[in-house]
Every structure is written in structure tokens, then in C-alpha cells.
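Going by my numbering, the first residue of the sequence shown is number 46, and it counts up by one from there.
Beneath this line is the structure, given in C-alpha cells, with notes to follow.
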Amino acid sequence: RQESDWHTDISIRTGIQFENPDFLSRKMQILLEYYNGKSPNGQFFERNIVLYGVGIHFFFE
Numbered sequence: 046r047q048e049s050d051w052h053t054d055i056s057i058r059t060g061i062q063f064e065n066p067d068f069l070s071r072k073m074q075i076l077l078e079y080y081n082g083k084s085p086n087g088q089f090f091e092r093n094i095v096l097y098g099v100g101i102h103f104f105f106e
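In C-alpha cells, the structure reads:
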């Protein structure tokens, strides 16, 4: 964005997914996340932030 002098933000998410099609098509993901750049939260877009995260996601279909 022009507000950040066109500097690039970095967002990376990686992980593994487990699936069991015989058990109600359920999926589970374990993810690691990294973000370095301007805050994506509206009024705070001028702030630089670094974020590390771990997540477990369940999908029920």
C-alpha cells in the first residue's frame, strides 16, 4: 500500500494435515504461522508487528 511506502509484508503458514475419510470426512491441521509487517487491523496500520502462532484446526463435513 502507498501508506507503507510500498514495503512488502511477509506472511508464512505451514503445517501438516491429517485426514480420515472413513470417519465422517474429518480433517485436522496443525499449523505454524509467521507474520512480519504492518498491522492489518485498520487504525493501527502504521505499526510494524511481528507475530508467531501455532494453531490446531478441525474440519467437520
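Positions of the beta carbon are idealized from the N, C-alpha and C atoms, including for glycine.
Could you tell me which of Thr53, Glu78, Asp54 sits nearest to Gly60, measuring between CA atoms?
Translated into positions along the sequence shown, residue 60 becomes position 15. Considering only alpha carbons, the answer is Glu78.
What first and last residue would you give for the beta strand (DSSP E) that runs through Ser56?
The sequence position of residue 56 within the sequence shown is 11, counting from 1. Start and end: 55-65.
Can you check which of these residues, Gln62, Phe103, Lys83, is closest to Ser56 by C-alpha distance?
Position 11 of the sequence shown holds residue 56. Selected option, being the one with the closest Cα: Lys83.
Assuming Gly100 is part of the beta strand (DSSP E), what are its boundary residues?
Residue mapping note: residue 100 aligns to position 55 of the sequence shown, counting from 1. Annotation: the continuous beta strand (DSSP E) that includes Gly100 extends over 93-104.
For Trp51, the nearest candidate out of Glu91, Phe104, Asn65, Phe103 (CA to CA):
Taking the first residue of the sequence shown as 1, we reach residue 51 at position 6. Minimum Cα distance to Trp51 is reached at Glu91.
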